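Take a look at the structure below.
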Amino acid sequence: MEATSNFDAIIVGSGMGGMTVASLLSSRFGARVLLLEKHGKLGGFTHIFKRPKPGATDPDQKYEFDVGLHYVGQMHKGAPVRNAMDAVTGGAVEWSPMPDCFDRVSFPGFQLSVPKGRDRFLAELIQRFPAEEKAIRRYFKDVQSAQGWMMRNQMAQNFPKGPWSTLLRAPGRRLALGNYGDYLKTHFQDPGLRLALSYFWWDHGVAPSECPFVTQAIIAEHYWEGAYYPKGGSSTIGTAVRGIIEKAGGVIQLKTEVKKILTEGGRAVGVETADGKTYRAPWIYSNIGLQRTYEDLLQKPMPEGAKDVFKTPEFTVVTLYLGLRESPTRPGSVQKVEGENYWLCDVESLDSEEAWVRRDELLDGKAWAAYLSFPSLKDPGAKPGLVTAEIMAVVSRDAFKNWNGTSKSKRGEDYVALKARMTEGLLILAEKHIPGFRALVDFQELATPLTIEHYSSHRRGAIYGGAPIRSRYESGLFRPQTDVPGLYLCGTDAAGHGIAGALMGGVLAVGASKGWIPAFRVFGPSS
Ligand SMILES: Cc1cc2nc3c(=O)[nH]c(=O)nc-3n(C[C@H](O)[C@H](O)[C@H](O)COP(=O)(O)OP(=O)(O)OC[C@H]3O[C@@H](n4cnc5c(N)ncnc54)[C@H](O)[C@@H]3O)c2cc1C
314 MEATSNFDAI
324 IVGSGMGGMT
334 VASLLSSRFG
344 ARVLLLEKHG
354 KLGGFTHIFK
364 RPKPGATDPD
374 QKYEFDVGLH
384 YVGQMHKGAP
394 VRNAMDAVTG
404 GAVEWSPMPD
414 CFDRVSFPGF
424 QLSVPKGRDR
434 FLAELIQRFP
444 AEEKAIRRYF
454 KDVQSAQGWM
464 MRNQMAQNFP
474 KGPWSTLLRA
484 PGRRLALGNY
494 GDYLKTHFQD
504 PGLRLALSYF
514 WWDHGVAPSE
524 CPFVTQAIIA
534 EHYWEGAYYP
544 KGGSSTIGTA
554 VRGIIEKAGG
564 VIQLKTEVKK
574 ILTEGGRAVG
584 VETADGKTYR
594 APWIYSNIGL
604 QRTYEDLLQK
614 PMPEGAKDVF
624 KTPEFTVVTL
634 YLGLRESPTR
644 PGSVQKVEGE
654 NYWLCDVESL
664 DSEEAWVRRD
674 ELLDGKAWAA
684 YLSFPSLKDP
694 GAKPGLVTAE
704 IMAVVSRDAF
714 KNWNGTSKSK
724 RGEDYVALKA
734 RMTEGLLILA
744 EKHIPGFRAL
754 VDFQELATPL
764 TIEHYSSHRR
774 GAIYGGAPIR
784 SRYESGLFRP
794 QTDVPGLYLC
804 GTDAAGHGIA
814 GALMGGVLAV
824 GASKGWIPAF
834 RVFGPSS
């Protein structure tokens, strides 16, 4: 079969990383790109889905749910990450600030509200734990040092190796790669304070006892200036990017699975899709992660140094999607909820890792910990009367092994019963921390790690790609360049996890292939 070869670049996968590359190549380099996506929707974890409101006669009355975007930091005007996001979306996505206290932590006998603003959070902690002021101040400085080390490490691994790359990595390495659990134990006495500085580790997926300081520091700093949500929901990113790609003559092809990357003389020259078609282009970008790019598309083992990162227990979740009869902000219904995140936990010890160890008790209906978010309440563009909530909880993938090989909607009655038990457990936990919540539930649907595998193709339902453990930073492999000329990774495995990490992965992929200076201009104002 003859190959289609009139594209300047092919991008495999339309997550935040793939969309970043496709958009920037189209708008900055006038490239005609082909974006191939296996799923029927654009956007990877930024896609959305809708469900009819029970009993509604108007077909537009649908609850709308995000899959993988609850809140994003560094989206305030002027922030380099925001500038890059605006460059990718052509400024068409409006980022709406979440409430001033964007995180509320609720443990037995311990409540914490986390305010927007580094200095305000610092002051709040000092006021609450005055005996530990010195250690708290030091922590805030250490976070910034580790963040600086991460950027130098990123630079060192993206540029050719040389003695200066060792020099870039050396200062601050010990702190950055030191164990975060040990740091907490050594520097802080009060378990409440340790919790205040670690409750959010689900945002990167590595428990403090396994986590390098730098991983936790990246997330801590990411939200120091508050949290944001895209007006109109996360699919607005895809809508904006589609316009930019098509304006430059590019093509987005959904329901198209790439099976193989084609090489000639060791260089990537094209792709072959599941329906047997081949497409050629001088530049190929893969948004499907390092492991799958090597093992599935190149059909060879991934580099040795990356293997550890995919061996650690994967971080995967169940999500309960809820439609609510009315807004929980209504006085008298439940406590005043304004769209902030809730981190709920039943563990008396205030040690969030205890909930991690007991995570699979959820399959028997006992939820120890959950993250609760209210998408419609943080979205000024949400349709009135269609209030949504999402409850996420961690589980292990192995707990679902009995259903390996089953397909969606045909997993059997025991799976349906299991989902009902988990739903019940999560609603009990939410009700305990937010009395009155349960009575508002109008619609419910639970997604498991098997659902994540089905829709995203992430192996074992791992939501963040390669785990940000110490060896990830040491390997030098989590960068856009691969050992195949012409083939680049983009997305989380090319830089860091989360929406901002995947965006960064896309920018770095453009930099590595087309030149760093034009790529880095996206971080500047009105780029
Ligand atoms: C439940 C959940 C909640 C989250 N919450 C947040 C949050 O609040 N804030 C935040 O910053 N991050 C959050 N994240 C993480 C964030 O969504 C991801 O880290 C990020 O979106 C990943 O982007 P990516 O570009 O790496 O790729 P992905 O979004 O994983 O996209 C990869 C795409 O490639 C496609 N694909 C796979 N194989 C093929 C193939 N062979 N051929 C063609 N296409 C293929 C997939 O279908 C997919 O569309 C969350 C994730 C999840 C799952």
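Counted from 1, the sequence shown has number 616 at position 303 by the working numbering; the numbering is strictly sequential. Where is the CB? At the ideal position from N, CA and C, for every residue including glycine. Only a predicted model underlies this, so the values are computations on that prediction, with no experimental measurement involved.
Review point. Which of helix, strand or coil does DSSP assign to L425?
Key: Translated into positions along the sequence shown, residue 425 becomes position 112. DSSP places L425 in strand when its eight states are reduced to three.
Check your understanding: Around the Cβ of K568, are there at least 16 other Cβ atoms within 10 angstroms (buried) or fewer (exposed)?
Key -> What you label residue 568 is simply residue 255 of the sequence shown in a count that begins at 1. Under the 10 Å beta carbon count, K568 is surrounded by fewer than 16 other beta carbons and is classified as exposed.
**Study point:** Residues sharing a beta bridge with Q794, DSSP
**Key:** Numbered from 1 along the sequence shown, position 481 holds the residue referred to as residue 794. DSSP, once it has assigned bridges, lists Y801 as partnering Q794.
Point to revise | Own chain, CB closer than 7 Å to R482, minus 5 neighbours either side, in chain order | key: As a first step, residue 482 must be located in the sequence shown, where it is residue number 169. Result list for R482: R465, N466 and A469, in chain order.
Check your understanding: For ligand 1, any of its heavy atoms closer than 7 Å to the Cβ of Y728?
Key -> Within the sequence shown, numbered from 1, the residue matching residue 728 stands at position 415. Not one heavy atom of ligand 1 lies closer than 7 Å to the C-beta of Y728.
Check your understanding: Taking Cβ to Cβ, would you say A706 is nearer than 8 Å to V660?
Key -> For this step, residue 706 is matched to residue 393 along the sequence shown. For this step, residue 660 is matched to residue 347 along the sequence shown. No. Outside cutoff.
Practice item. Given a cut-off of 8 Å, decide if Y496 and W408 are closer than it, judged by their beta-carbon atoms. Key: Locating residue 408 in the sequence shown gives position 95, counting from the first residue. Locating residue 496 in the sequence shown gives position 183, counting from the first residue. The criterion of a C-beta distance shorter than 8 Å is not satisfied by W408 and Y496.
Check your understanding: What do you get for D297, buried or exposed, if any count of 16 or more other CB atoms within 10 angstroms of its CB means buried?
Key -> Lying before the first or after the last residue shown, residue 297 is absent from the chain, which here runs from 314 to 840.
Practice item. Give the DSSP-derived three-state secondary structure of R364 in the structure shown. Key: Your numbering for residue 364 matches position 51 in the sequence shown. The DSSP-derived three-state label of R364 is strand.
Practice item. Just list the alpha helix (DSSP H) runs in the region 509 to 585, keeping only unbroken ones of 4 residues or longer that don't cross its boundaries, in chain order. Key: Qualifying alpha helix (DSSP H) stretches, in chain order: 526 to 535 and 548 to 560.
Review point. Could you give the uninterrupted runs of the beta strand (DSSP E) lying entirely in the region 689 to 767, keeping only those of 3 residues or more?
Key: Runs found: 700 to 708 and 754 to 760.
Exercise for review: Give a single yes or no on whether S295 has its beta carbon closer than 7 Å to a heavy atom of ligand 1.
Suggested key: Missing from the structure shown is residue 295; the chain here goes from 314 to 840 and no further.
Point to revise | Close beta carbons around V380, own chain, < 6 Å, minus the five adjacent residues each side | key: One-based indexing of the sequence shown puts residue 380 at position 67. Closer than 6 Å at Cβ, skipping near neighbours: F358 and H360.
Point to revise | Beta-carbon spacing of V670, L337 below 8 Å | key: Taking the first residue of the sequence shown as 1, we reach residue 670 at position 357. Taking the first residue of the sequence shown as 1, we reach residue 337 at position 24. No, Cβ-Cβ distance for V670 and L337 is not below 8 Å.
Review point. Taking buried to mean at least 16 other C-beta atoms within 10 Å of its own C-beta, is N654 buried or exposed?
Key: Indexing the sequence shown from 1 puts residue 654 at position 341. With at least 16 other beta carbons inside 10 angstroms of its own, N654 counts as buried.
Review point. Are there three or more Cβ pairs, one per stretch, closer than 8 Å when the region 529 to 549 is compared with the region 384 to 404?
Key: Contact between the region 529 to 549 and the region 384 to 404 is present, because at least three Cβ pairs lie under 8 Å.
Check your understanding: Under the rule that 16 or more other beta-carbon atoms within 10 Å means buried, what is S722, buried or exposed?
Key -> Position 409 of the sequence shown holds residue 722. Classification of S722: exposed, given that the 10 Å Cβ count is below 16.
Practice item. Compute every distance between the C-beta of S409 and the non-hydrogen atoms of ligand 1, then say whether any falls below 7 Å. Key: On the sequence shown, residue 409 is found 96 positions in, with the first residue counted as 1. No - ligand 1 has no heavy atom lying nearer than 7 Å to the Cβ of S409.
Practice item. Would you kindly work out how many angstroms separate the C-alpha atoms of H810 and D413, rounded to a whole number? Key: Indexing the sequence shown from 1 puts residue 810 at position 497. Indexing the sequence shown from 1 puts residue 413 at position 100. It is roughly 24 Å from the alpha-carbon of H810 to the alpha-carbon of D413.
Review point. A683 and S689: beta carbons closer than 8 Å?
Key: To locate residue 683, count along the sequence shown from 1; it is residue 370. To locate residue 689, count along the sequence shown from 1; it is residue 376. Not closer than 8 Å, so no.
Check your understanding: Buried or exposed: where does E737 fall if 16 or more other Cβ atoms within 10 Å of its Cβ makes it buried?
Key -> Residue 737 sits at position 424 when you count from the first residue of the sequence shown. E737 comes out exposed.
Practice item. Report yes if the C-beta distance between Y519 and M463 is below 8 Å; otherwise report no. Key: To locate residue 519, count along the sequence shown from 1; it is residue 206. To locate residue 463, count along the sequence shown from 1; it is residue 150. The sequence shown places Val at residue 519, not Tyr. V519 places its beta carbon 8 Å or farther from that of M463.
Exercise for review: Report yes or no: do three or more beta-carbon pairs, one from the region 767 to 776 and one from the region 787 to 800, lie closer than 8 Å?
Suggested key: Output reads no: the region 787 to 800 does not touch the region 767 to 776.
Practice item. Have a look at F713 and R773 and give me their C-alpha separation to the nearest angstrom. Key: Here the question's residue 713 lines up with position 400 in the sequence shown. Here the question's residue 773 lines up with position 460 in the sequence shown. Using only the alpha carbons, I get a separation of about 10 Å.
Point to revise | Run of the beta strand (DSSP E) containing P476, from where it starts to where it stops | key: Locating residue 476 in the sequence shown gives position 163, where the first residue counts as 1. Per DSSP, P476 is not a residue of any beta strand (DSSP E); the alpha helix (DSSP H) it occupies stretches across P476 to R482.
Practice item. Could you tell me whether any non-hydrogen atom of ligand 1 is closer than 7 Å to the CB of N600? Key: In the sequence shown, residue 600 corresponds to position 287, counting from 1. Between ligand 1 and N600, a heavy atom-to-CB distance of less than 7 Å is present.
Review point. Mind checking whether the beta-carbon of F358 lies closer than 7 Å to any heavy atom of ligand 1?
Key: Walking along the sequence shown from the start, residue 358 turns up at place 45. Relative to ligand 1, the nearest heavy atom lies less than 7 Å away from the CB of F358.
Point to revise | Range of the contiguous beta strand (DSSP E) that encloses W681 | key: Here residue 681 corresponds to residue number 368 of the sequence shown, with the count starting at 1. Careful: W681 lies outside any beta strand (DSSP E) and carries neither H nor E.
Practice item. Can you have a look at D588 and say buried or exposed, based on whether 16 or more other CB atoms are within 10 angstroms of its CB? Key: Reading the sequence shown from its first residue, position 275 is the one you call residue 588. That one is exposed.
Point to revise | Rounded straight-line distance, which links the Cα of M411 to that of P831 | key: Residue 831 sits at position 518 when you count from the first residue of the sequence shown. Residue 411 sits at position 98 when you count from the first residue of the sequence shown. Our two residues, P831 and M411, have alpha carbons roughly 32 Å apart in a direct line.
Practice item. Return yes when at least one heavy atom of ligand 1 lies under 7 Å from the C-beta of T402, else no. Key: Walking along the sequence shown from the start, residue 402 turns up at place 89. No.
Point to revise | Validate contact between the region 747 to 761 and the region 633 to 642 using beta carbons, cut 8 Å, 3 pairs | key: Touching, yes.
Point to revise | C-beta contact flag for L821 and A808 at 8 Å | key: As a first step, residue 821 is located in the sequence shown; it is residue number 508 there, counting from the start. As a first step, residue 808 is located in the sequence shown; it is residue number 495 there, counting from the start. Taking 8 Å as the cut-off, the Cβ atoms of L821 and A808 count as close.
Practice item. Kindly identify the DSSP beta-bridge partner or partners of T317. Key: As a working note, residue 317 is residue 4 in the sequence shown. In the DSSP assignment, T317 forms a beta bridge with Y592.
Practice item. Confirm the yes/no value for this check: CB of G841, any heavy atom of ligand 1, distance under 7 Å. Key: The question about residue 841 has no answer, for the chain in this structure spans 314 to 840.
Review point. Are three or more beta carbon pairs between the region 423 to 430 and the region 568 to 586 nearer than 8 Å?
Key: Short answer: they don't touch.
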